[in-house]
Amino acid sequence: MRRCLSALGLTFAIGIAGFLGAAPQSARADVVARINLSTQQMVVYVDGRARYGWDVSTARRGYVTPVGSYRPTRMHRMWYSRKYDMAPMPNSVFFRGGYAIHGTPHVRSLGRPASHGCVRLAPENARTLYQLIAARGMNNTRVVITR
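The sequence shown runs -22 to -1, 1 to 125 under mature numbering (1 follows the signal peptide of the UniProt record, and there is no 0).
Here is the structure:
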């Protein structure tokens, strides 16, 4: 489910107070993807302004999504997980070892923990993020994951 902010600064109502406004100074970059594990939400900032807000799925019980601030290390339009039975990971943005933000066909699980540790997005949202990072550059992107 894609929610987009207008350039006019219209209200962005997805019930995640505290994520809106300018990106924090410690995470300055052209693109900042802020993932909150408690709310299972991602807000994407572009040039310091909140532009997208999406439901995500992160690690379910028994698995971990790492907390911290990262730069993407590699990107693949399509990746297949060798660790998890060659599961498809479209529009993958890897940020720490084998951890990535990527699209999933399991959209009914978005909004709650369901992954092995990756950050899952609806396919169209993963594509949007992938294209944004490809255009702006991995060196100009931050992935920030908080509890």
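Where a beta carbon is used, it is the ideal one built from N, C-alpha and C, also for glycine. In this text the structure is predicted, and so the values were computed from the model without any measurement.
Does DSSP put residue 64 in a helix, in a strand, or in coil?
coil
Could you name the residues of the same chain whose beta carbon sits closer than 8 Å to that of residue 78, not counting the 5 residues immediately before and after it, in chain order?
Closer than 8 Å at the Cβ level, and outside the excluded window around residue 78, lie 57, 67, 70, 71, 72, 96 and 97.
Could you tell me the alpha carbon to alpha carbon distance between residue 76 and residue 42, rounded to whole angstroms?
12 Å
Just to confirm, are residue 19 and residue 90 a CB contact at a threshold of 8 Å?
No, Cβ-Cβ distance for residue 19 and residue 90 is not below 8 Å.
Nearest-angstrom Cα distance between residue 29 and residue 112?
17 Å
What would DSSP say about residue 10, mapped onto helix, strand or coil?
strand
Please list the segments of the alpha helix (DSSP H) lying wholly inside the region 91 to 116, counting only runs of 4 or more residues, in order along the chain.
101 to 114
Is residue 87 near the ligand ZN, judged by its Cβ being under 7 Å from some heavy atom?
Of ligands this structure carries none, so the ligand ZN is not represented either.
Per DSSP, residue 72 forms a beta bridge with which residues?
52 and 78
Does DSSP put residue 16 in a helix, a strand or coil?
coil
Between which two residues does the beta strand (DSSP E) carrying residue 37 extend?
From DSSP, residue 37 is part of no beta strand (DSSP E); its letter is neither H nor E.
Cα separation between residue 65 and residue 74?
Rounded to the nearest whole angstrom, the CA to CA distance from residue 65 to residue 74 is 19 Å.
Buried or exposed: which applies to residue -10, given that a residue is buried once 16 or more other Cβ atoms fall within 10 Å of its Cβ?
Any reading at residue -10 is ruled out, since the residue's pLDDT is 35, under 50, leaving its predicted position unreliable.
Is residue 8 near residue 25, with beta carbons less than 8 Å apart?
yes
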